[in-house]
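Student: I am attaching a structure below and will ask some questions about it afterwards.
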Amino acid sequence: MTGSNEYKLNQGPEDSISAVKFSPSATQFLLVSSWDGTVRLFDVGANTMRMKYQHTAPVLDCAFYVYTLSVAGDRLIVGTAGRRVLVWDLRNMGYVQQRRESSLKYQTRCIRAFPNKQGYVLSSIEGRVAVEYLDPSPEFQKKKYAFKCHRLKEEGIEQVYPVNAISFHSIHNTFATGGSDGFVNIWDPFNKKRLCQFHRYPTSIASLAFNNDGTMLAIASSYMHEKGDINHPEDAIFIRQVTDAETKPK
């Protein structure tokens with residue numbers, strides 16, 4: 001399934017993968033957390049595991065910094081139960097700066113801030129993505145929109161899949177989404193269109209991360225127990241070398 005521009009990491013987790021995060025300062029270093037209780041540090045260029053940290057319980061997220069939620073400049077953006085979105089000013093955490101309701105009808109699955117700090121993208125369990133702006137003025141709010149994605153027609157019936165992962169390209173401000181359909185899509189939020197779709201991966205896409213210069217995308221293919229405890233393809237992390245043709249707005 002993998003081609004000359006993609007390879008599978010060796011010594012990956014032994015249970016479901018919860019998150020992948022590239023180092024913000026070094027192109028080749030990738031953190032991976034898992035339900036097997038480990039956080040692993042990989043050198044993706046050499047395809048080797050540099051370090052493994054063992055914990056006594058599943059590790060649900062990882063980060064090179066001390067925050068695990070999406071940050072846009074001085075603002076911390078958090079998705080909560082009940083489709084709520086809360087925004088804090090990191091310079092004054094004594095109160096919530098904005099309280100919002102998601103424009104999507106169903107449970108929020110992932111939130112990621114735009115690199116330009118103007119807004120964020122959120123996804124839901126119902127195969128939809130919303131592009132939102134932090135500035136409450138009508139001028140900015142009229143720019144927000146939502147769209148359907150990660151849906152497949154099988155035997156004439158549309159199957160709707162959760163959108164589990166979002167990652168922004170740091171140079172082009174385009175973003176990737178990954179769903180339980182096993183696909184990864186790249187989107188141009190400015191022209192409101194899909195730039196490309198990668199091949200189907202063995203199971204659900206649990207997490208995505210572009211590296212700091214946007215030349216590689218870490219793809220966590222990991223069953224998320226959507227259908228309960230069943231036999232499923234092995235959990236794996238793929239490193240894809242991406243090009244401007246795939247990620248640059250047209």
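Numbering-wise (UniProt numbering), the sequence shown opens with residue 1 and increments by one. Even for Gly, the Cβ is constructed at its ideal location relative to N, Cα and C.
Please report the distance separating the alpha-carbon of PHE140 from that of TYR133.
Tutor: Position 140 of the sequence shown, counted from the first residue, corresponds to residue 140. Position 133 of the sequence shown, counted from the first residue, corresponds to residue 133. The straight-line gap from Cα to Cα measures roughly 6 Å.
Student: Take VAL87 and list the residues in its own chain whose beta-carbon comes closer than 6 Å to its own, dropping the five residues that flank it on each side.
Tutor: If you number the sequence shown from 1, residue 87 lands on position 87. Closer than 6 Å at the Cβ level, and outside the excluded window around VAL87, lie ARG75, ILE77, GLN97, GLN98.
Student: Thinking CYS62 and SER33 are a contact (beta carbons under 8 Å), I'd like their distance in whole angstroms, please.
Tutor: For the purposes of this step, residue 62 is taken as residue 62 along the sequence shown, with counting starting at 1. For the purposes of this step, residue 33 is taken as residue 33 along the sequence shown, with counting starting at 1. Indeed they touch by this definition, with Cβ atoms about 4 Å apart.
Student: Does the stretch 143-158 come within contact of the stretch 217-231, defined as at least 3 CB pairs closer than 8 Å?
Tutor: Cβ pair count under 8 Å is below three, so no.
Student: I need the boundaries of the alpha helix (DSSP H) containing PHE140, first residue and last residue.
Tutor: Translated into positions along the sequence shown, residue 140 becomes position 140. Its alpha helix (DSSP H) spans residues 138-141.
Student: Could you tell me which whole alpha helix (DSSP H) segments of length 4 or greater appear in the stretch 137-192?
Tutor: Whole alpha helix (DSSP H) segments, 4+ residues: 138-141.
Student: Can you tell which of THR203, LEU195, THR27 has its C-alpha closest to the C-alpha of ASN212?
Tutor: Here residue 212 refers to the residue found at position 212 of the sequence shown. Minimum Cα distance to ASN212 is reached at THR27.
Student: Would ARG83 and THR108 qualify as a contact pair, given that the criterion is a beta-carbon distance under 8 Å?
Tutor: Your numbering for residue 83 matches position 83 in the sequence shown. Your numbering for residue 108 matches position 108 in the sequence shown. Against a cut-off of 8 Å, the Cβ pair of THR108 and ARG83 comes out as a contact.
Student: Could you check which residue in CYS110, GLU234, VAL242, HIS225 has the C-alpha nearest to that of THR177?
Tutor: Against the sequence shown, residue 177 aligns to sequence position 177. Of the listed residues, the one whose Cα sits closest to THR177 is CYS110.
Student: So the alpha helix (DSSP H) THR203 belongs to, where does it begin and stop?
Tutor: For the purposes of this step, residue 203 is taken as residue 203 along the sequence shown, with counting starting at 1. That residue, THR203, is in no alpha helix (DSSP H); it is neither H nor E in DSSP.
Student: When DSSP builds the beta bridges, which residues end up paired with ASP89?
Tutor: To locate residue 89, count along the sequence shown from 1; it is residue 89. Looking at the DSSP assignment, ASP89 forms a beta bridge with ARG75, ASN92.
Student: Whose CA, out of ARG40, SER70, GLY45, lies closest to the CA of GLN54?
Tutor: Residue mapping note: residue 54 aligns to position 54 of the sequence shown, counting from 1. Nearest option by C-alpha distance: ARG40.
Student: Given this structure, state the Cα-to-Cα distance separating GLN241 from GLY214, to the nearest angstrom.
Tutor: Numbered from 1 along the sequence shown, position 241 holds the residue referred to as residue 241. Numbered from 1 along the sequence shown, position 214 holds the residue referred to as residue 214. Taking C-alpha positions only, GLN241 is separated from GLY214 by approximately 9 Å.
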